[in-house]
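Reading through the structure tokens given below for one structure.
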Amino acid sequence: MTKTDYDAVVIGAGFSGLAILHHLREIGLDTVVVDGADGIGGTWWINRYPGVRTDSEFSYYSFSFSKEVRDEWVWTERYPSGAEVLAYLNFVADRLDLRKDILLGRYVTRAEWDDDTSRWTITFGDGSVFTAKYLVSGMGVLSQPIWPDIPGKDVFQGQLVHAARWPREGIDLAGKRVGLIGLGASGIQITPVVAPEAGEFYVFQRTPNFIVETNNDPVTPEHLAEVRANYDEIFARAASHPFGVDMVPAEHSALEVDPEERERIFESKWNEGGFHFANECFNDLAVNHEASELASEFIRKKIREIVQDPATADLLSPKTYSFNGKRVPTGFRYYDTFNLPHVHLIDTASTPITEFTERGLRVGETEYELDVIIAATGFDAMTGTLTGIDIVGRDGVVLRDKWASGIRSNLGISVNGFPNLLLSLGPQTPYSNLPVPIQLGAQWMARAIDFAEKNELPALEATKESEEWWAQETDRAGKATVMYSEGQKAKAWFFGENVPGKPHEFQVYMGGGQVYQQFCRDAESEGYRSFRAPEFERVPETV
Ligand code: N01
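Taking our numbering, the leading residue of the sequence shown gets 44, the next gets one more, and so forth.
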């Protein structure tokens, strides 16, 4: 007979699920990972659009906890492709012998807590059920795609695809008329890869982004050997950095150096590429509006230098918000793409897209005839996967309803009213390079559960007080950054601005990964007091 009862059920077989399974096994928990997809890899299984790759370097976009994996896996690119990360995660699953406890093609539709048995009942799409003492979400933070609110989606007779649902068999774009809606990190990676293949490439831009360009170099054997020898130090540096990257936080304000020196620093970090510019130039590009505007102007100048047509360069330059107002994407020759004669930038801020037509897209009076339309229009970030299924806590409360007027959690890990539900990368966890908080979070979770088991705690569950404290701290930290004013102007996902009807609040913790980790360590050293809700221990009604 198939086994259905476990100590822990983990939803999601991506970075989170693999790390959590490994660490829960270490404390002797009978654990199974379930995933609706047909393969291991989570985000990296699902996202296979052209150009998909990491925008953090492999040395800190990976786990440090397994010496076998570190020593045996061979990275080939500084910023690995999606296919390489997917292969890496499969290697992790094989090398740590995780596969035997992973069930694929098992989509969870509902999970309900039962006070009488103190267990979760997890229901799958086919109606089958599992039960578990602990339910852990590793469902990912940017996994619930959203379509543009443009009428007529079903009318279009060509091929319409969401970037996050790229078909496994691929799409033949050679010589086709391709349209792209959406210029966040996904659209910005798609642009330089699809443009050379397409016959005509139309980029429909509503809000331009500030892009930090980079080169992607092959990993030499010497570099790989050096990383392998220093993995622990690299991970420790990334864990102590606000954004989870192995970079040295800058010490000086952009306002305290003279213009020539400022330009020299901007230029040198721009040449190092990617997030080096955002993190290593000055210490106030994320917290001081004037400093952020100086970085904005430097990037606008770069756009003017790279893009030959002045009108196109002007359109590509953000003017309504400043640098860091949106999650900064890394470009792999993004701006250069606009010098190709068959690449057309359409400004849909001044004249919005009105509808899909049978043959393409209508923008004002003009109909653009297209064979393929790519919607890289983003996600219901941080909460979407958790509110997209029915997670039912104590007294029948559904998580979606609890969060309808605002997110409440303790450190993004646990929610009052939802005993023994633990979230990897829940909302209100750090805005960060994600493998770092995933690994640290999985290890913290395993220690917390081990403590609960050894001390026979009835359950791990956020107290109401801790939720209020964390909501206030998340709000305070967010408001201290330029992401607050600029993110609202730019309709950034980290402020919930991209989903109609979503409460406008910080979806992520902006106070720094290292600060967040200290809060987690404090909770641990206090015996998880803020995760021991008294409600659970209420006295049963007498008969
Ligand atoms: O989505 P987004 P994404 N008409 O929400 C546009 C991670 N990620 O998938 O700004 C016209 O950033 C919208 O326009 P506007 C990363 O954390 C990581 O690109 O609202 N346009 C915007 O341009 C990232 O931040 C990696 O005016 C419409 C775009 O769609 C997050 O995922 C790679 C529209 C959405 O941008 C999300 O990135 C990829 C409409 N009706 C993603 N509706 C790497 O690490 C929406 N848009 C490499």
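Ideal Cβ placement from N, Cα and C applies to all residues, glycine included.
Keep in mind that this is a model prediction, so the values were computed, not measured.
Bridge pairing for Ile224: Phe247 and Ala418 [DSSP]. When the alpha-carbon of Gly242 is set against those of Asp423, Gly222, Thr430 and Trp313, the nearest one is in Gly222. Here the alpha carbons of Phe341 and Gly449 stand approximately 37 Å from one another. For the set Ala424, Ala281 and Gly407, the Cα lying nearest the Cα of Val479 is the one of Ala281. CA-to-CA, the gap between Gln515 and Ala62 works out to about 30 Å.
In the three-state scheme derived from DSSP, where H, G and I count as helix and E and B as strand, Pro261 is classed as strand. Assignment of Lys176 by DSSP, reduced to helix, strand and coil, places it in the strand class. Going by DSSP, His387 is part of the beta strand (DSSP E) stretching over Val386 to Asp390.
According to the DSSP assignment, His65 belongs to the alpha helix (DSSP H) that extends over Phe58 to Glu69. By the CB criterion at 8 Å, Thr97 and Gly57 fall outside the cutoff. Between Gly455 and Gly469, the gap from beta carbon to beta carbon is short of 8 Å.
Under the DSSP assignment, Leu404 falls in the beta strand (DSSP E) whose first and last residues are Gly403 to Val406. If you ignore the 5 residues before and after Arg138, its C-beta comes within less than 6 Å of the C-beta of Glu111 and Val112, all in its own chain and listed in chain order. Under the DSSP definition of a beta bridge, Tyr559 lacks any partner. DSSP, reduced to helix, strand and coil, places Tyr49 within a strand of the structure shown. Beta-bridge analysis with DSSP links Trp156 to Trp163.
At the C-beta level, Ile254 and Ala419 stay beyond 8 Å of one another.
Taking a cut-off of 8 Å on C-beta distances, the region 110 to 130 does not touch the region 292 to 303, as fewer than three cross pairs fall below it.
DSSP places Asp215 in the coil class of the three-state scheme, outside both helix and strand. Annotation for Tyr411: the continuous beta strand (DSSP E) segment containing it runs Thr409 to Glu412. In this structure, the ligand N01 has a non-hydrogen atom nearer than 7 Å to the beta-carbon of Asn541.
Here Thr250 is not near Ala502, since their CB atoms are 8 Å or more apart.
Rounded to the nearest angstrom, the Cβ distance from Ser180 to Ile54 is 5 Å, consistent with a contact under 8 Å. Setting aside the 5 residues that flank it on each side, Glu412 is surrounded in the same chain by Arg220, Arg402 and Gly403, each with a C-beta closer than 7 Å to its C-beta; the list follows chain order. Ile189 and Asp423 do touch by the CB rule: their CB atoms are close to 6 Å apart, below 8 Å. If you check the CB distance, Ala154 and Ile417 do not come in under 8 Å. Around Gly94, the same chain offers Gln232, Ile233 and Val236 as residues with beta carbons nearer than 6 Å, after the five sequence neighbours per side are excluded. Closer than 7 Å to some heavy atom of the ligand N01: that describes the Cβ of Pro191.
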